[in-house]
Amino acid sequence: MLEAVRIYPSSTCLRAITIPSASSHKISLRFFNSLSFGSRSPFSSVYTSRQIRRFGKRLVFLGQEGSLQQLDDSPVSVELVPISSETMFDRVIKEAQKPDDAVVIVWMANWCRKCVYLKPQLEKLAAEYYPGLRFYHVDVNTVSHKLVERAGVTRMPTIQLWMKGEKRDEVIGGHKAHLVINEVRQMIENECTQ
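Counting with full-length UniProt numbering, you get residues 1 to 194 for the letters of the sequence shown.
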């Protein structure tokens, strides 16, 4: 059994290795250049000699010198939960009827190039608000047209914020991903802090 752990302190991947964990499972890790593991080159074998232990909710790296280095194991990206039916959509909206609860629903299509490029960025954004704000996605090709019309979606990608059972705001992402992410972040901050 493999347990996948993603640690992304930086955006530049150096290489992936698999090492045994304290619980006799194998943990597949990706190391990145902002983690300092000594003075050797990031491509040297120093990484394979590191031991990883789990203490509570923290991953701890035991270096060659015996020093402990703690890493925050909060997620860097959170997969968008798919909504595949009108019933499921109603259930998600019902969850957002509680005070101080909100959901973000991303309407996309698999043929939409901008949607495909935007999805990983939205998954990173979802990690910033995890677990307080839940992110979902709807592929418009897999749900009824009635549901798409009911949500008022006319273009893809459309990112909507739902609170108290109603749509509070939306961003239509027809431009560069980083601009869309900034607009979505601003939408969340404006609506959720009122």
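Yeah, the Cβ is synthetic: ideal placement off N, Cα and C, and Gly gets one too.
In this structure, DSSP gives residue 100 a state outside helix and strand, which the three-state scheme calls coil. Within the UniProt domain "Thioredoxin" (69-193), the complete beta strand (DSSP E) segments at least 3 residues long are 81-83, 102-108, 134-139, 158-163 and 166-172, listed from N- to C-terminus. The stretch 175-183 makes contact with the stretch 114-134; the number of CB pairs closer than 8 Å reaches 3 or more.
The residue among 186, 175, 164 and 131 with its C-alpha nearest the C-alpha of residue 96 is 164. About 22 Å separates the beta carbon of residue 187 from that of residue 139, a gap too long to meet the 8 Å contact definition. Closest option to residue 104, judged by alpha-carbon separation, among 129, 114, 143 and 148: 129.
If you compare the alpha carbons of 85, 174 and 160 with that of residue 118, the shortest gap goes to 174. Distances from the alpha-carbon of residue 133 to those of 112, 120 and 162 put 162 closest.
Straight across, the Cα-Cα distance linking residue 76 with residue 193 is about 23 Å. The C-alpha of residue 155 lies about 17 Å from the C-alpha of residue 136. A Cβ-Cβ separation of about 14 Å leaves residue 92 out of contact with residue 159 under the 8 Å criterion. For residue 114, the CB contacts under 7 Å within the same chain, skipping 5 residues up- and downstream, are 157, 173 and 174 in chain order.
Around the CB of residue 86, fewer than 16 other CB atoms lie within 10 Å, so the residue is classed as exposed. The Cβ atoms of residue 169 and residue 149 lie no closer than 8 Å to each other. Sorting 79, 116, 153 and 146 by C-alpha distance to the C-alpha of residue 176 places 116 at the top.
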